[in-house]
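Everything below concerns the one structure shown next.
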Amino acid sequence: MDAAGDPVAAISKSINVMDWGLLGYGESVRRQLRLVEERCSGAAGDSLILVEHPLAVTLGRSGGQCDLLMPETYFHREGIELHAVSRGGKATFHEPGQLVVYPIVRLRDNDIKRFVLTLLESAAAVFQAYGLPSEFKEGRPGVWVRSRKIASIGLCVTEGVTYHGLSMNVNNDLQGSRLIVPCGHAGEVFTSMAKELGASVNMDAVKKIFIGEFKKRFRYGDERGQITD
Amino acid sequence: MAVPIYIPKLGMTMSEATIVEWHAAEGAFLEKDGIALTIETEKVTWNIPADAPGFLHILVGKGKIAKVGEIVGQIAETNDELQALQQKGPAAAETVSGPPKTETGRAEAGTGAADSSKPQKAAPASPAAKSMAKKLGIDLSLVTGSGPNGRITEQDIVKYNENKSETRITPLAKAIASDKGVDISGIKGTGDRGKVTSDDVRKAAEPPKQDGAPSSGITVIPVTGMRKLIAGGMYESIQKTAQLSVFNEVDVTGMLEFHQQIREKYKNTEDARVTHTDIMVMATCRALKRFPIMNSTFTNDEILLYDWVNMGIAVSVSEGLIVPTLKNADRKSLLEIARERKALVEKARDGKLLVDDVVGGTFTISNFSMYNADGATPILRRPESGILAFGGIKKKPAVYRDALAIRSMMVVSLTFDHQVTDGAEATQFLKAVCDYLENPSLMVL
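So the protein sequences, as listed, match chains A and B. Numbering (the numbering used here) for the first sequence: 15 to 243. Numbering (the numbering used here) for the second sequence: 861 to 1305.
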């Protein structure tokens, strides 16, 4: 599963890494769309966004209400954000303690499968750094540790520019997973790094490792500027 | 010459993609590089732009799977070419039902001239705003500027675009609305994710029916909320499992006597009021412990057997049906089951169930004896592999101890997932449930 033999995807040599901290899901989509516009018009280069979201459930293009385990009224009543979004895939959840990464990148070619794989491998390398062996499944993009799902993916590509991205369960308590049929697969069990390791993990360290792995695998040179909030 | 729209190869191993949305209706005019459709392949959606301006002819409709390289649509240069294409192959998606030539012609003019129908002169705009408006295809004359002297800023464009996108509309519908002078903001879209379609606009353009005018005789009930949830869940269950139902008629005279004894013993203890459903829960749990395969989840690669039984109990509520789960029901006494089930049913009827109360079910029962139906073919609740339905109890002539007698009889129906197990095991499980109901004292063993 290692794609390191070839240079992958990105045209740009540099990438602007941004840490948005804890940000509402809806606002993060608005910000992403602005960056996509700028990337498409050439006003901006590639970006890598790192963010955590308050509890939210999102339904991708192939998702429907049958992927929710509670009626919509429950989400309204409990104040849980529920969004239908343009990425691929079905239902997923976000919550604090989960690291979400959104690469807004112009693809070098149309090989989106390789892009997805390289992105998943960047996440797997983070888990590996903590001694957690990663597993992949044919035809089901994601990362599993000991048969439990630890990272989920869902992307959208418009005019050759990617957005949406990958979520990695780091310290989150996985409460959100109980609201959905994950990615349409009933019976899927989720896990997090904290759960597998038996102790919470330093999020800043996880971010740093991920950025390094991502840049290495996508052949980015120096980071432009500092990590900004 | 029509320009084909085909499924691109987005990776060495990609062989097909799902068409998730056509961004324009059949016959609508597309600008060059405007997004024609969105496809999805393994967790990625991909927007495909039009390679040339022209009229869209859809060959493969929304929701269909198409092979890499397959031509899924065509862009006709002229209206005549469009009609020729439409005659050759049926449009798969939203078809404009017999559009008179002039209407399509107007649609074309409408799309191009939709903005010119508002002939106000545009206010001055900043270069950044102009460039953004061009990119987003926004007519500056429609934007109100918030800068000095009404100058349009980038922020105004962003705001206009956000508001504009609230009403999602197909290009053809937009053109017709502009042509007929219909205000689209009040139209409820019936297309994908509430997108306003040309039919919606035509309907909105019709004059309201006069009193006494003949009605179509059809009442339209929008499918929303719990109904939608149930509809989606049930349909998906049928699509993703191999369901088979088996039935047994059981003599429940013994169960009724057992129930009567408990009622008398605890008649002064309100919170220990045991019902038939509670006895059914207990009997089912006992049988599941003997046939653990019925208490499982099929995941394509594996079958997960659960050590515990979280019993889903179907409860009818005013909006439909909800299934709270009684956790670890196999480890509880009959009185504990009765108390917890009662609390769950009350919460369900008061709309106070929490996520914890409805998730994690491993098996479901539905007691519809009050509805006087004999049997049913209940639908599995994914990811569970079995569901039991208990029918109405009726006095019938039956053979009891080798003699004809009047006994209380009930039909028990089991639906199971044939991916998980086979008829032999499922019928043995059903028999075990029935044995416990026939002779509840066996449950203590």
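Heads up, the beta-carbon is just placed ideally off N, CA and C, and yes, glycines get one too.
So which residues of chain A does residue i contact, with C-beta pairs closer than 7 Å?
i                  : result
Met874 of chain B  : Lys127
Met1086 of chain B : Pro85
If you draw a straight line from the C-alpha of residue i to the C-alpha of residue j, how long is it?
i                  : j                  : result
Lys978 of chain B  : Ser1001 of chain B : Model confidence at Lys978 of chain B stands at a pLDDT of 36, short of 50, so the residue's coordinates are unreliable and nothing is read from them.
Asp940 of chain B  : Pro984 of chain B  : 40 Å
Ile1012 of chain B : Lys163 of chain A  : 48 Å
Val928 of chain B  : Ser61 of chain A   : 30 Å
Val1293 of chain B : Phe1250 of chain B : 11 Å
Thr962 of chain B  : Val65 of chain A   : Low confidence applies to Thr962 of chain B: its pLDDT is 30, below 50, so where it sits in the model is not reliable, and the reading given next is rough at best. Rounded to whole angstroms, Thr962 of chain B to Val65 of chain A spans 52 Å at the Cα level.
Glu86 of chain A   : Lys27 of chain A   : 44 Å
Leu1290 of chain B : Pro1238 of chain B : 14 Å
Cys170 of chain A  : Ser191 of chain A  : 22 Å
Tyr177 of chain A  : Leu121 of chain A  : 11 Å
Pro254 of chain A  : Met207 of chain A  : Nothing about residue 254 of chain A can be read from this structure; chain A reaches only from 15 to 243.
Ala926 of chain B  : Thr72 of chain A   : 26 Å
Phe889 of chain B  : Ile1173 of chain B : 53 Å
Leu1164 of chain B : Lys127 of chain A  : 30 Å
Tyr1020 of chain B : Val1003 of chain B : 7 Å
Pro110 of chain A  : Leu36 of chain A   : 7 Å
Lys869 of chain B  : His917 of chain B  : 22 Å
Gln1099 of chain B : Lys1127 of chain B : 47 Å
Met1303 of chain B : His1136 of chain B : 15 Å
Ser991 of chain B  : Phe107 of chain A  : 36 Å
Tyr88 of chain A   : Lys1212 of chain B : 10 Å
Asp999 of chain B  : Thr905 of chain B  : 28 Å
Asp33 of chain A   : Leu1148 of chain B : 50 Å
Ala70 of chain A   : Leu1089 of chain B : 19 Å
Lys1069 of chain B : Ala1233 of chain B : Reliability of the predicted coordinates at Lys1069 of chain B is poor, the pLDDT of 49 falling under 50, and the value obtained from them is presented with this limitation in mind. Each residue's alpha carbon lies about 42 Å from the other.
Just to confirm, are residue i and residue j a CB contact at a threshold of 7 Å?
i                  : j                  : result
Asp1138 of chain B : Glu1298 of chain B : no
Thr1224 of chain B : Glu1196 of chain B : no
Ala910 of chain B  : Ile935 of chain B  : yes
Val1175 of chain B : Ala1208 of chain B : yes
Lys104 of chain A  : Gly145 of chain A  : no
Ser1229 of chain B : Ile1253 of chain B : yes
Thr1050 of chain B : Ala1033 of chain B : no
Pro155 of chain A  : Glu1285 of chain B : no
Ala862 of chain B  : Leu919 of chain B  : no
Ala1189 of chain B : Val1259 of chain B : no
Val215 of chain A  : Val184 of chain A  : yes
Asp1217 of chain B : Pro1184 of chain B : yes
Leu180 of chain A  : Ala137 of chain A  : yes
Phe915 of chain B  : Gly887 of chain B  : yes
Thr172 of chain A  : Asn907 of chain B  : yes
Thr1240 of chain B : Asp1295 of chain B : The sequence shown places Leu at residue 1240 of chain B, not Thr. Their beta carbons are not under 7 Å apart, which means Leu1240 of chain B does not touch Asp1295 of chain B by this criterion.
Gly1307 of chain B : Asp125 of chain A  : Residue 1307 of chain B lies beyond the residue range present for chain B, which begins at 861 and ends at 1305; the question has no answer from this structure.
Gly102 of chain A  : Glu900 of chain B  : yes
Would you list the residues sitting across from residue i in a DSSP beta bridge?
i                  : result
Asn1227 of chain B : B:Phe1250
His178 of chain A  : A:Leu169
Trp1168 of chain B : Answer is none; Trp1168 of chain B lacks a bridge partner.
Asn1108 of chain B : B:Val1272
Thr1144 of chain B : Answer by DSSP bridge pairing: none, since Thr1144 of chain B is not bridged.
Trp882 of chain B  : B:Leu897
Gly861 of chain B  : The question names Gly, but residue 861 of chain B is Met in the sequence shown. In the DSSP output, where bridge partners are listed per residue, Met861 of chain B has none listed.
Phe89 of chain A   : BP columns for Phe89 of chain A are empty, so no partner.
Tyr866 of chain B  : B:Ile931
His97 of chain A   : A:Thr72
Phe204 of chain A  : A:Lys163
Phe889 of chain B  : B:Phe915
Along chain A, in chain order, which residues have C-beta atoms closer than 8 Å to that of residue i?
i                  : result
Thr878 of chain B  : Ser76
Val1215 of chain B : Leu83, Met84, Tyr88, Arg192 and Leu193
Identify the contact partners of residue i in chain B, using a Cβ-Cβ distance below 7 Å as the criterion.
i                 : result
Gly38 of chain A  : Ordered by position in chain B, no residue passes the 7 Å Cβ test against Gly38 of chain A, which lies about 15 Å from the chain.
Gly168 of chain A : Lys903
Under 9 Å Cβ-Cβ, which residues of chain B neighbour residue i?
i                 : result
Val171 of chain A : Leu870, Val904, Thr905, Trp906 and Asn907
Val130 of chain A : Gly871, Glu902, Lys903 and Val904
Kindly list, in the order they appear in chain A, the residues whose Cβ is closer than 9 Å to that of residue i.
i                  : result
Val1219 of chain B : Leu83, Met84, Arg192 and Leu193
Name, please, each residue of chain B whose Cβ falls closer than 8 Å to the Cβ of residue i.
i                 : result
Asn183 of chain A : Those do not exist, as Asn183 of chain A stays about 17 Å from chain B at its closest Cβ, beyond 8 Å.
Asn124 of chain A : Pro868, Lys869, Leu870 and Gly871
Going along the stretch 84 to 104 of chain A in order, which residues come within less than 8 Å of chain B, judged by CB to CB distance? Met84, Pro85, Glu86, Thr87, Tyr88, Ala98, Ser100, Arg101, Gly102 and Gly103
Closer than 9 Å, Cβ to any Cβ of chain B: which residues of the stretch 134 to 159 of chain A, in chain order? Lys151, Gly153, Arg154, Pro155 and Gly156
What residues in the stretch 898 to 909 of chain B bring their beta carbon closer than 8 Å to a beta carbon of chain A? Thr898, Glu900, Thr901, Glu902, Lys903, Val904, Thr905, Trp906, Asn907 and Pro909
In the stretch 1137 to 1152 of chain B, which residues sit with their C-beta less than 9 Å from some C-beta in chain A, listed in chain order? none
Any residues in the stretch 1153 to 1166 of chain B with a beta carbon nearer than 7 Å to a beta carbon of chain A? Which ones, in chain order? Thr1157, Thr1159 and Leu1164
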